[in-house]
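Encoded as structure tokens, the structure appears first; notes follow it.
There are 2 protein chains.
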Amino acid sequence: MAKNVQRKATSFDVARLAGVSRSAVSRAFTPGANIAPETKEKVTKAALELGYRVNSLARGLQKDHSGLVGLVASRLDTPLRSRQVRQLSEALIREGLKPMLITAESPDEVGSLIESLLGYSVAGMIFTSDTPPRALIEDCGRLGLPVVLVNRAGASNWGDRVVADNAQAGQLAARILVDSGAKCLGCLVPRKKTYSVSGRAEAFLGAAAERGLSTEILYTQDQGYADARLGINETDRAVFDRIDGLFCSTDLMALGALDALRIDLGIAVPDQIQVLGFDDIEQASWGSFNLSTIRQDVDAQTKTVVRLLRERIADSSLTNRVERQPLNAVLRGTTRHDG
Amino acid sequence: MAKNVQRKATSFDVARLAGVSRSAVSRAFTPGANIAPETKEKVTKAALELGYRVNSLARGLQKDHSGLVGLVASRLDTPLRSRQVRQLSEALIREGLKPMLITAESPDEVGSLIESLLGYSVAGMIFTSDTPPRALIEDCGRLGLPVVLVNRAGASNWGDRVVADNAQAGQLAARILVDSGAKCLGCLVPRKKTYSVSGRAEAFLGAAAERGLSTEILYTQDQGYADARLGINETDRAVFDRIDGLFCSTDLMALGALDALRIDLGIAVPDQIQVLGFDDIEQASWGSFNLSTIRQDVDAQTKTVVRLLRERIADSSLTNRVERQPLNAVLRGTTRHDG
DNA sequence: TTGAAAGCGCTAACAT
DNA sequence: ATGTTAGCGCTTTCAA
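One line per chain: the protein sequences are A and B, in this order.
Quick note: the first sequence uses my numbering, first residue 335, plus one each step.
Quick note: the second sequence uses my numbering, first residue 335, plus one each step.
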């Protein structure tokens with residue numbers, strides 16, 4: 335089946351067929367270059383005939399970047415993350431950039447991978463990962479390489495950040511539960527800490543304390559549905575007699591908690607305990623859950639990320655910026671709200 | 335913040351510092367090259383000192399490929415697809431390849447994107463997308479570029495394929511429902527056809543017919559949860575008095591159907607109607623659903639895809655191959671099975 | 001507006 | 001085992 339394997343046409347071939355120089359070919363494929371319309375047309379025609387495509391590797395070798403962008407993500411198989419990556423990928427492509435996807439869970443893995451990205455003269459990097467080693471981000475800074483961090487702590491002195499407003503989130507969560515009558519609040523958090531998840535939980539606990547409410551912290555191993563379901567089941571049952579409102583660090587955990595509460599423990603939601611999540615993943619709106627939550631607007635987030643990246647590619651002398659994303663409550667059936 | 339922007343070190347710089355030639359540097363970074371251990375060590379040391387990294391663009395220009403692999407996927411924010419992409423991405427990285435992620439829904443978009451991938455001298459392409467235009471795959475064939483199609487029709491005469499066995503899936507689904515007592519079978523399919531989804535449905539309907547069972551086809555607009563829930567709600571209610579077993583083309587649709595049946599229509603599952611899905615996405619096992627389904631083994635699928643790709647990168651004269659993946663029933667709570 | 005010529009950073013023959 | 005030399009395919013001064 336490997337018959338007829340064609341060698342790729344080069345700008346040289348096109349130049350010869352069109353009867354022009356290689357420079358002319360290059361100009362024909364460079365937007366805004368100084369070239370006569372008829373020359374451009376001749377070139378375009380010849381290129382089409384030969385099936386010519388600019389070799390991005392060679393071009394990238396010449397220019398300051400290759401048009402590739404490193405997109406680093408962990409937990410890609412998770413609802414929120416996959417939505418973020420899909421949108422980021424599409425947005426980058428729309429900007430004429432190409433995402434190189436790096437999926438890795440541990441800092442070590444991520445480290446060596448990013449290392450290798452640098453060899454591709456990427457135009458920038460986007461981290462949605464929980465764990466970009468800060469040393470690497472500093473490497474990027476040293477190279478003047480644009481970096482955008484999504485929902486990550488500003489670990490180093492380099493990189494723009496787009497973050498959900500954790501303080502606001504915690505406040506909002508507490509207010510929602512209190513307004514709908516909760517008197518004793520629980521907060522479900524994973525033992526493995528993460529910038530956004532831990533930040534939210536702390537803000538929530540703080541807000542509850544300010545209002546003079548008593549609080550309980552319930553733990554799960556990690557951030558998955560199963561972790562949360564197990565975590566609830568392993569929590570001392572007496573806790574559920576005390577609390578009447580539960581804020582979960584993520585929707586995924588909230589769904590696990592919900593199933594544990596209703597199915598495993600036979601506790602009525604929202605009558606006995608109200609449950610509030612965070613993120614507004616698609617599953618939160620599904621009929622079986624109908625979860626009240628606080629939405630992260632992924633569309634807006636994506637737009638901001640790409641804008642920051644684009645701006646910094648254009649002008650690397652910018653100072654580091656941080657953009658806080660607005661949050662909206664989405665009240666469904668796991669909280670009470672009739673007043 | 336853009337102070338101290340360093341120029342990247344080149345092999346020339348390393349060569350000079352190490353007191354060797356550029357070839358020596360090249361060899362030091364080429365696994366299995368002919369180089370004396372002590373020379374290699376000198377080079378490695380100098381490279382470390384200068385923060386040198388091989389420029390993959392320049393290397394790719396010289397070799398026959400850049401180490402990049404095109405990973406084309408649609409509906410990335412869907413549970414099965416995100417799992418596939420995560421695993422493929424990780425597996426590629428483990429092979430020393432780097433995935434370029436192309437997410438696009440329409441054939442037109444995909445077309446121009448793949449077009450641009452070709453300019454990066456990719457080592458191969460993997461399509462999980464529903465819609466890779468066949469003309470493009472033929473372009474790849476003309477270039478001798480390895481292509482692996484996942485759950486796609488063999489549209490052209492180029493490309494290896496990894497597919498779930500649709501015929502077996504349909505048979506298995508019918509048998510499961512019949513064995514657990516169903517007499518009249520329904521099949522939920524999206525109007526927008528897709529190779530794997532339509533294939534399964536047809537096989538199922540065929541298998542039911544062979545057993546002399548009457549069947550109903552229920553339609554949804556597309557493959558999402560919401561489409562399925564809506565589709566069920568818009569179906570003539572009389573249908574649900576007739577059927578007592580429903581096979582859904584995908585788990586996502588099954589979950590939408592389940593919520594529609596139980597919550598919107600008040601139909602008992604599995605008592606009145608049994609429901610069977612396909613894929614075994616994570617959500618199928620969640621407590622609220624506990625969906626019986628037929629599993630696609632994504633791990634095995636990924637291994638096969640990467641093996642085929644690797645083999646063909648090594649030897650492009652291979653004939654086109656197709657690997658059928660085994661399927662396993664996962665019986666949970668939406669089917670009866672007490673005999 | 002166009003072409004000639006000089007690289008971008010690397011690898012692979014070839015010669016030593 | 002090592003160095004020399006000649007490209008890979010492109011863009012970009014510089015002259016014309």
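Every residue, glycine too, gets a C-beta built ideally from N, C-alpha and C.
Bear in mind the structure is a predicted one, so any value in this text is a computation, not a measurement.
- Listed in chain order, the non-local C-beta contacts of P480/A below 6 Å within the same chain comprise G458, L643, R646 and I647, local neighbours out to five positions each way being set aside.
- At the C-beta level, I471/A and G493/A come within 8 Å of one another.
- Q421/B and A487/A have their alpha carbons spaced roughly 27 Å apart.
- Residue nearest to F623/B within the set A438/B, S440/B, Y454/B and P604/B is P604/B (criterion: CA-CA distance).
- At a cut-off of 3 residues, the continuous stretches assigned as beta strand (DSSP E) that sit fully inside the region 460–524 of chain A are 481–484, 494–498 and 518–524.
- Put simply, the backbone Cα of K517/B is about 12 Å away from that of E550/B.
- In terms of Cα proximity to L405/B, the closest of M587/B, K379/B, Y559/B and S450/B is S450/B.
- At a cut-off of 8 Å between beta-carbon atoms, T437/A makes contact with chain B.
- Taken in chain order, the members of the region 454–488 of chain A whose beta-carbon sits within less than 7 Å of a beta-carbon on chain B are Y454, S455, R476, L477 and G478.
- Cβ-Cβ distances below 7 Å link Y553/B to V523, R525 and G565 in the same chain, with the five nearest sequence neighbours on each side left out; the list follows chain order.
- Around the C-beta of P365/A, fewer than 16 other C-beta atoms lie within 10 Å, and the residue is accordingly described as exposed.
- From the beta-carbon of S400/A, the residues of chain B found nearer than 7 Å are L391.
- In this structure, the alpha-carbon of A392/B lies about 22 Å from that of G478/B.
- Looking at K342/A, W620/A and A537/A, the one whose alpha-carbon comes closest to that of L452/B is K342/A.
- Setting aside the 5 residues that flank it on each side, Q396/B has no residue in the same chain whose C-beta is closer than 7 Å to its C-beta.
- Annotation for D613/A: the continuous beta strand (DSSP E) segment containing it runs Q608 to D613.
- Taking the Cβ atoms as the reference, V664/A lies roughly 5 Å from T627/A, within the contact range of under 8 Å.
- Proximity of V609/B to chain A, defined by a Cβ-Cβ separation below 8 Å, is not satisfied.
- The beta-carbon separation of I615/B and L410/B, rounded to 14 Å, does not stay under the 8 Å limit for a contact.
- In this structure, the CA atom of K374/B is about 21 Å from the CA atom of G430/B.
- By the 16-neighbour rule on beta-carbons within 10 angstroms, S400/A is buried.
- Counting of Cβ neighbours within 10 angstroms places G546/B among the exposed residues, the total staying below 16.
- When only Cα atoms are considered, T412/A and D347/B end up about 44 Å apart.
- Identification of residues in the region 609–625 of chain B having a C-beta nearer than 8 Å to some C-beta of chain A yields E616, Q617, W620, G621, S622 and F623, given in sequence order.
- When secondary structure is reduced to three states using DSSP, N567/A falls in the helix class.
- Secondary structure at P413/A: helix, using DSSP grouped into helix, strand and coil.
- Cβ-Cβ distances below 6 Å link E657/A to V496 and T638 in the same chain, with the five nearest sequence neighbours on each side left out; the list follows chain order.
- Between the alpha carbons of V377/B and N368/B lies a distance of about 14 Å.
- L384/B is not bridged by DSSP to any residue.
- Counted as a single uninterrupted DSSP element, the beta strand (DSSP E) harbouring F581/A occupies residues G579 to C582.
- Between the region 573–589 of chain B and the region 504–520 of chain B there are three or more C-beta pairs closer than 8 Å, enough to call the two in contact.
- Annotation for G540/B: no residue places its beta carbon closer than 6 Å to its own, counting only its chain and skipping 5 residues before and after.
- For the pair S463/A and V444/A, the CB atoms are nearer than the 8 Å cut-off.
- Cβ-Cβ distances below 7 Å link T653/B to nothing in the same chain once the five nearest sequence neighbours on each side are left out.
- Counting along the chain, T627/B sits inside the beta strand (DSSP E) bounded by residues T627 to Q630.
- With a cutoff of 8 Å on beta-carbon distance, Q608/A and T668/A are scored as near each other.
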